[in-house]
Amino acid sequence: MKRTAMCSCGKLSVMTSGTPKKVSICHCDACQRRTGSGFGIAVFFASEATEEHGHASVFRRIGDSGKSIDFHFCPACGSTVFWKPELRPGLTAVAFGCFDDRQDLEPSQSVYNDQRHAWLSLEIDHRTLENKDG
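Residue numbers (the numbering used here): 114 to 247.
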């Protein structure tokens with residue numbers, strides 16, 4: 114299956130092929146800042162199953178692991194479309210909300226649950242997500 118994820122203005126996109134390796138909800142403070150929401154959702158693909166189009170600006174931050182994460186965002190509209198975590202070599206994370214077709218992209222895990230807001234309750238098809246530490 115091929116899917117396209119793009120920024121708000123359409124100038125930066127990534128095409129993915131195949132099945133994602135995992136779909137992860139992250140409640141860390143950094144993801145909350147990045148998304149402006151209570152959490153972020155990353156859809157991880159093998160990097161060779163992704164094809165980038167357009168020009169991206171890159172913001173690098175150091176994660177809790179001490180390893181870098183390079184966030185690729187559109188310089189025109191500011192949307193973060195994908196990122197490459199040094200901790201997960203060979204994987205590219207794509208922002209869930211940037212996909213045109215989000216069907217069948219169901220989260221399989223939830224991380225940084227200690228930073229999850231008390232008012233936030235998630236239920237996915239009546240199953241409990243696997244809770245993992247960052």
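C-beta: ideal position from N, C-alpha, C; glycine also.
Could you check where the beta strand (DSSP E) with T315 kicks off and where it finishes?
Because the chain in this structure spans residues 114 to 247, residue 315 falls outside the shown range and cannot be described.
Which whole-angstrom value describes the C-beta separation of F158 and L204, a residue pair presumed to lie in contact below a C-beta threshold of 8 angstroms?
Yes, F158 and L204 are in contact; Cβ-Cβ is about 7 angstroms, under 8 angstroms.
Looking at the C-beta of G149, does it have a partner C-beta in chain B at a distance below 8 angstroms?
Absent from the structure: chain B. Only one protein chain is present.
From A169 to D227, what distance separates their C-alpha atoms?
Between A169 and D227, the C-alpha separation is close to 32 angstroms.
Nearest CA to the CA of P220: which residue from C122, V207, W232 and H230?
Taking only the C-alpha atoms, the option nearest P220 is V207.
Considering only the alpha carbon of each residue, which of G191, R201, W232 and F172 lies closest to K135?
The candidate whose alpha carbon is nearest that of K135 is R201.
Less than 8 angstroms between the CB atoms is what I'm expecting for E164 and M114, so what's the real figure, rounded?
Not really, about 14 angstroms apart at Cβ, beyond 8 angstroms.
Secondary structure at R173, three-state DSSP: helix, strand or coil?
In this structure, R173 counts as strand in the three-state DSSP scheme.
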